[in-house]
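Position one of the sequence shown corresponds to residue 71 (our numbering), numbered consecutively onward. The beta carbon of each residue, even a glycine, is placed where N, CA and C say it ideally should be. All of these numbers come straight from a predicted model, not from anything done at the bench. What follows is one structure encoded as structure tokens, with my remarks underneath.
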Amino acid sequence: MKFSTYTPAVKANTINAKVSTSVTKEAFGTDGSQLGAWSSAANHIAGIIQKRQDEDDAADIMAARNEISQKLNESLYSEDGIITTGKGKNAQGMTDRVNQSVQDVTQEVAGNYNGRVRYQLMNKYMPKDLEQYGKLGMQTENKEREAYQTDTFNARMSNFSNSMALSYADPDTVYGQMQEANETLNSWADKQGWDAATTEAKRMTFRTQTVSSLVKACVADEKYDDAYEWLKRERKNMSQDEFNSLYATVEKQKKAKDKKDTSRVLIGKFYNPETNELDIAGLEKEARAMCTKSNGISSDSVEAGYQKWGGQTMPHGTNGCVEAAVRILGADNSNSWIQSIQGDTYVPTLVSKSQTANGGPGVIPYSADQVEPGDMIIYGDDDHVVVATGGTGYVGNSSSQNMVIRGGDYREMGGQQPSKIIKSSQLGSGGSTFDADRYEELMDGVYSLYADQSKFYNIDQKQKMQDLEATLSGCNTFEEQRAAIENSGLNAKTKNTYLNRLNKAQKQAIKAASGSSRSSGSGSRNKSANRYFNSLTEEEDLSLIEEYNDRMDDPDDTISASDQKKYNRATRRYNFYHGTGTADLNDTEVLDMINEKKNEGYSYSQIWNILEGVVSDETKEYYLRAAFSE
Numbered sequence: 071m072k073f074s075t076y077t078p079a080v081k082a083n084t085i086n087a088k089v090s091t092s093v094t095k096e097a098f099g100t101d102g103s104q105l106g107a108w109s110s111a112a113n114h115i116a117g118i119i120q121k122r123q124d125e126d127d128a129a130d131i132m133a134a135r136n137e138i139s140q141k142l143n144e145s146l147y148s149e150d151g152i153i154t155t156g157k158g159k160n161a162q163g164m165t166d167r168v169n170q171s172v173q174d175v176t177q178e179v180a181g182n183y184n185g186r187v188r189y190q191l192m193n194k195y196m197p198k199d200l201e202q203y204g205k206l207g208m209q210t211e212n213k214e215r216e217a218y219q220t221d222t223f224n225a226r227m228s229n230f231s232n233s234m235a236l237s238y239a240d241p242d243t244v245y246g247q248m249q250e251a252n253e254t255l256n257s258w259a260d261k262q263g264w265d266a267a268t269t270e271a272k273r274m275t276f277r278t279q280t281v282s283s284l285v286k287a288c289v290a291d292e293k294y295d296d297a298y299e300w301l302k303r304e305r306k307n308m309s310q311d312e313f314n315s316l317y318a319t320v321e322k323q324k325k326a327k328d329k330k331d332t333s334r335v336l337i338g339k340f341y342n343p344e345t346n347e348l349d350i351a352g353l354e355k356e357a358r359a360m361c362t363k364s365n366g367i368s369s370d371s372v373e374a375g376y377q378k379w380g381g382q383t384m385p386h387g388t389n390g391c392v393e394a395a396v397r398i399l400g401a402d403n404s405n406s407w408i409q410s411i412q413g414d415t416y417v418p419t420l421v422s423k424s425q426t427a428n429g430g431p432g433v434i435p436y437s438a439d440q441v442e443p444g445d446m447i448i449y450g451d452d453d454h455v456v457v458a459t460g461g462t463g464y465v466g467n468s469s470s471q472n473m474v475i476r477g478g479d480y481r482e483m484g485g486q487q488p489s490k491i492i493k494s495s496q497l498g499s500g501g502s503t504f505d506a507d508r509y510e511e512l513m514d515g516v517y518s519l520y521a522d523q524s525k526f527y528n529i530d531q532k533q534k535m536q537d538l539e540a541t542l543s544g545c546n547t548f549e550e551q552r553a554a555i556e557n558s559g560l561n562a563k564t565k566n567t568y569l570n571r572l573n574k575a576q577k578q579a580i581k582a583a584s585g586s587s588r589s590s591g592s593g594s595r596n597k598s599a600n601r602y603f604n605s606l607t608e609e610e611d612l613s614l615i616e617e618y619n620d621r622m623d624d625p626d627d628t629i630s631a632s633d634q635k636k637y638n639r640a641t642r643r644y645n646f647y648h649g650t651g652t653a654d655l656n657d658t659e660v661l662d663m664i665n666e667k668k669n670e671g672y673s674y675s676q677i678w679n680i681l682e683g684v685v686s687d688e689t690k691e692y693y694l695r696a697a698f699s700e
């Protein structure tokens with residue numbers, strides 16, 4: 071604290087000036103001998119009082135310091151304290167807030183004490199507190215500021231990685247974000263004072279993390295080809311250990327997906343969902359064929375070659391198109407001709423050695439319909455070469471990217487036009503190879519899916535049986551029961567079990583009804599009565615009735631006279647046998663009617679006409695023969 075200049079009221083050196091006085095020692099009523107004693111006593115008392123005052127001030131100062139410390143601790147370290155809440159971005163300005171708190175607390179507490187104590191607190195102790203707590207605030211602020219800036223940087227780089235992972239299908243977007251990320255990294259490196267080696271190491275770490283995010287995003291979406299592409303593109307820019315780990319992960323996941331997909335294809339082809347049966351013979355034959363690989367050039371061998379060499383730079387760099395093509399074809403093929411051209415680097419030499427006269431597979435003029443997977447496509451005047459993968463796809467060396475890439479259209483090759491085809495797809499080393507391990511894995515997958523299918527099938531069939539039993543208990547007629555069985559969704563074997571049971575019950579019911587109509591000649595009548603139920607006539611009639619009702623509901627449908635007659639006869643037959651016709655006749659009554667008409671003198675043909683439309687001609691014949699044979 072700065073004080074203004076003090077100006078004394080008494081002139082200097084006047085303390086030793088002579089003072090004239092008329093007072094004598096006798097004036098004190100004494101000879102003056104006691105004056106010294108009095109003065110000594112007064113001084114002693116004054117000393118005691120001063121000592122007590124100093125002690126009291128010291129105690130007040132201690133009490134005030136304790137209170138100041140307590141209040142400062144609360145101000146700084148409580149739940150809402152300056153340092154407690156001064157994390158990250160909130161640390162900005164912490165030093166000023168701490169200093170202000172020291173001043174405010176000291177002034178607040180000092181106001182409760184006398185001037186001497188207040189002076190000590192404000193001028194002696196507060197500067198020390200400002201220095202101590204200010205240093206603490208500054209250190210904390212700097213630490214938190216650094217942490218905040220580091221966290222912000224890391225979060226920014228992490229966001230770059232996440233954003234690029236979401237855009238894995240769009241390389242242009244990814245590399246645009248990659249450039250911005252590199253600029254952010256360079257700026258941070260300058261701020262931190264990193265040397266070139268440290269900066270490059272950090273860049274490698276970030277690149278590795280980004281590629282990992284890209285690949286994992288591809289795998290999550292089962293886009294394994296995209297995952298391979300990113301690994302090939304970024305192999306040189308990332309940790310090789312992480313590359314190997316990611317590559318192995320993609321391989322494992324893709325293999326599992328391929329196995330599962332192939333198993334599903336086989337299940338779909340050889341599994342009968344109606345019977346829950348698996349065609350084992352057909353399945354095994356198909357699976358063995360899938361696991362038998364030709365030793366010649368194929369789309370699979372081309373893919374194997376690309377998986378081995380994709381993303382790599384050839385020894386001749388941008389001029390390594392021949393090296394790339396030969397390595398890709400030779401990766402999974404032991405053909406002697408392919409082996410003979412290993413090491414060639416010149417397109418004209420490759421074309422020359424590919425002629426049949428030189429032991430090659432042959433060279434033909436370019437035609438799109440002649441391109442097959444495994445063929446080498448030559449451009450211009452033997453200027454460039456790539457390997458066809460099927461359709462318009464290709465793999466080969468890219469001079470612009472300086473590595474082996476996969477392309478979607480071999481016709482778009484930087485202005486170059488296809489001119490020749492080397493028919494390397496015709497090559498083969500003879501024979502084939504059966505992959506027993508793959509076969510076992512594939513069959514394991516199929517049987518695993520079959521087990522799941524069977525479990526769900528059995529659960530479904532059990533539920534349908536329960537539903538059918540409940541439905542049957544509510545049916546009033548055999549026909550309703552039959553319809554319920556047919557519509558139950560049960561397999562044919564189970565349906566037949568229910569239908570056989572129903573037919574047996576139905577026959578017993580008809581036999582009982584027919585046997586009670588007459589005591590004699592019942593055998594013939596039973597036979598004729600059962601005729602309807604032992605045939606498909608009832609089902610056919612019911613189907614015609616339903617068809618008729620549907621057509622009647624269609625305002626645009628016109629029913630012909632012949633169709634109407636057909637529907638009428640079906641309806642009369644059905645109603646007759648179920649006792650719901652106009653005459654309300656049952657089996658017993660119709661037999662009685664025929665005998666009654668016979669007894670009245672009606673002839674066979676007359677009764678035949680009476681029954682027209684009531685029963686079928688075949689059934690009339692059986693009824694009438696039964697009556698007239700007596």
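On the premise that residue j lies in contact with residue i, defined as a C-beta separation below 8 Å, what is that separation, rounded to the nearest angstrom?
i	j	result
Val63	Val372	Past the edges of the chain, shown from 71 to 700, lies residue 63, and the structure says nothing about it.
Tyr203	Val179	Going by Cβ atoms, the distance from Tyr203 to Val179 rounds to 15 Å, so no, they are not a contact pair.
Tyr449	Met473	That belief does not hold up - the Cβ atoms of Tyr449 and Met473 are roughly 19 Å apart, past 8 Å.
Ile131	Leu200	Not a contact, Cβ separation roughly 17 Å.
Phe548	Leu512	In fact, because the Cβ distance is near 50 Å, the residues do not count as touching under 8 Å.
Tyr568	Asn346	The Cβ separation is near 18 Å, so there is no contact.
Glu214	Gly163	Actually they do not touch by this definition, with Cβ atoms about 11 Å apart.
Residues bridged to residue i by DSSP?
i	result
Val457	Met446, Val465
Leu348	Tyr341
Thr362	Phe504
Ile629	BP columns for Ile629 are empty, so no partner.
Met483	Gln486
Ile434	Ile491
Can you tell me where the alpha helix (DSSP H) with residue i in it begins and where it stops?
i	result
Met227	196–236
Ser424	417–424
Lys525	506–543
Ile680	674–680
Ile491	Premise fails: Ile491 lies in the beta strand (DSSP E), 488–492, not in any alpha helix (DSSP H).
Ile398	391–400
Ile367	Where Ile367 is concerned, there is no enclosing alpha helix (DSSP H), given that its DSSP letter is neither H nor E.
Thr154	152–155
Gly185	185–190
Ala161	Segment: none, Ala161 is in no alpha helix (DSSP H) and carries neither H nor E.
Gln412	Segment: none, Gln412 is in no alpha helix (DSSP H) and carries neither H nor E.
Gln712	Shown here, the chain extends from 71 to 700; a query on residue 712 therefore has no answer.
Tell me the residue span of the beta strand (DSSP E) that contains residue i.
i	result
Arg476	473–477
Val441	Here Val441 belongs to no beta strand (DSSP E), and DSSP marks it neither H nor E.
Would residue i and residue j be called neighbours here (beta carbons separated by less than 7 Å)?
i	j	result
Ser494	Gly432	no
Ala553	Leu542	no
Ser518	Gly460	no
Ile408	Leu399	yes
Thr302	Gly381	Here the sequence assigns Lys to residue 302, which means Thr is not the residue at that position. Their beta carbons are under 7 Å apart, which means Lys302 touches Gly381 by this criterion.
Val455	Val417	yes
Tyr480	Thr462	yes
Ile152	Thr176	no
Cys545	Gln551	yes
Leu336	Leu353	yes
Thr280	Ser233	no
Thr426	Val392	no
Ser225	Leu284	Correcting the residue identity first, residue 225 is Ala in this sequence and not Ser. No, these two residues do not count as a Cβ contact at 7 Å.
Thr383	Ser469	no
Ile615	Ala631	no
Asn665	Ala696	no
Ile447	Pro488	yes
May I have a chain-ordered list of the beta strand (DSSP E) segments no shorter than 3 residues that lie completely inside the stretch 240–323?
Within the stretch 240–323, no beta strand (DSSP E) run of at least 3 residues lies entirely inside it.
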